[in-house]
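Numbering (our numbering), first residue to last: 107 to 394. Beneath this line is the structure, given in structure tokens, with notes to follow.
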């Protein structure tokens, strides 16, 4: 458990990866790296047999650097903080402010891992993780990153994001949503998508804050006693339903026009101009 302050100065509680989970991810990554290193050194030795010895030595050095530094750096940069080992265990590297890890940070972590994991057999990483409240190893301290538990096995109160709660269906149909900004709707959707990754206290506080912003631009007010996440789910589901109906009417109008002109049916096209739709719903809790 640890507090994270986002770029908007919102304090959240995050689930810091436990030492056992990080150890499992590290072992998996080390296995992959050793396999790649063996292949790379074999190719370097084969090159040495048919070319100048300097070529073989140079390729060997490049292979070692590529596997020890390039492997974690490339995966963490391109997959937003996940190496194959972390992906298997459900961990992710993020910046201290909760943002995605950048190339510079991944590179610093990879360089530090050469010394603290490969050269010193993980002893500095273990000691640093035990004495740091966020479980950071030296590479995390140098790079300004933290490893979090991304996969949280919890039973969700709703499946896909923005599913209409039955008890709010009638209220949602009467909503005036024209003043709801796309940006605020996206923030609400992202909150629901990350709902089970937040600890209960932070989850409730952030939900009340977002729900308050949404209630300020919609009407009529909801029935009393509705939880923030249920309210947001109802609003987003109704917004998506209306957008789908609008697009369906637009497609039907195009089809009638083509029939009246004796033209073949139009191919499926992009959404009609106007308010952009929300991103497609994703399952909650996410598992990566």
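Where a beta carbon is used, it is the ideal one built from N, C-alpha and C, also for glycine.
Straight-line CA distance for residue i to residue j?
| i | j | result |
| --- | --- | --- |
| residue 191 | residue 137 | 9 Å |
| residue 243 | residue 196 | 18 Å |
| residue 207 | residue 246 | 11 Å |
| residue 251 | residue 283 | 39 Å |
| residue 261 | residue 294 | Because the pLDDT at residue 261 is just 41, under 50, the model does not fix this residue reliably, and the point stays unresolved. |
| residue 301 | residue 292 | 14 Å |
| residue 319 | residue 333 | 14 Å |
| residue 346 | residue 296 | 15 Å |
| residue 222 | residue 174 | 12 Å |
| residue 227 | residue 220 | 9 Å |
| residue 139 | residue 272 | 51 Å |
| residue 264 | residue 277 | The predicted model places residue 264 with a pLDDT of 42, which falls under 50 and marks its position as unreliable, so this point remains unresolved. |
| residue 269 | residue 338 | 10 Å |
| residue 299 | residue 162 | 50 Å |
| residue 322 | residue 304 | 25 Å |
| residue 165 | residue 180 | 19 Å |
| residue 126 | residue 357 | 54 Å |
| residue 286 | residue 317 | 12 Å |
| residue 344 | residue 230 | 53 Å |
| residue 168 | residue 205 | 31 Å |
| residue 131 | residue 210 | 22 Å |
| residue 370 | residue 359 | 14 Å |
| residue 150 | residue 170 | 10 Å |
In the DSSP assignment, find the unbroken beta strand (DSSP E) run with residue i in it and report its ends.
| i | result |
| --- | --- |
| residue 198 | 197-201 |
| residue 255 | 251-255 |
Taking the alpha helix (DSSP H) that residue i falls in, what are its first and last residues?
| i | result |
| --- | --- |
| residue 189 | Taken as a continuous stretch (DSSP letters only), residue 189 belongs to no alpha helix (DSSP H), as it is neither H nor E. |
| residue 319 | 306-321 |
| residue 176 | Run containing residue 176: none; DSSP gives neither H nor E here. |
| residue 88 | Shown here, the chain extends from 107 to 394; a query on residue 88 therefore has no answer. |
| residue 235 | 229-237 |
Where does residue i sit, in a helix, a strand or coil, going by DSSP?
| i | result |
| --- | --- |
| residue 336 | helix |
| residue 324 | coil |
| residue 222 | helix |
| residue 358 | helix |
| residue 269 | coil |
| residue 207 | coil |
| residue 259 | Confidence at residue 259 is low in this model, with a pLDDT of 47, below 50, so the placement of that residue should be treated as unreliable; the coordinate-derived value is given next. Three-state result, residue 259: coil. |
| residue 123 | coil |
| residue 331 | coil |
| residue 246 | helix |
| residue 215 | helix |
| residue 162 | helix |
| residue 157 | coil |
| residue 168 | helix |
| residue 134 | helix |
| residue 264 | At residue 264, the pLDDT of 42 sits below 50, so the modelled position is not reliable; the number obtained from the coordinates is stated separately. Residue 264 falls in the coil class under three-state DSSP. |
| residue 365 | helix |
| residue 240 | coil |
Tell me, which residues are paired with residue i by DSSP?
| i | result |
| --- | --- |
| residue 344 | Per DSSP, none; premise fails for residue 344. |
| residue 282 | 325 |
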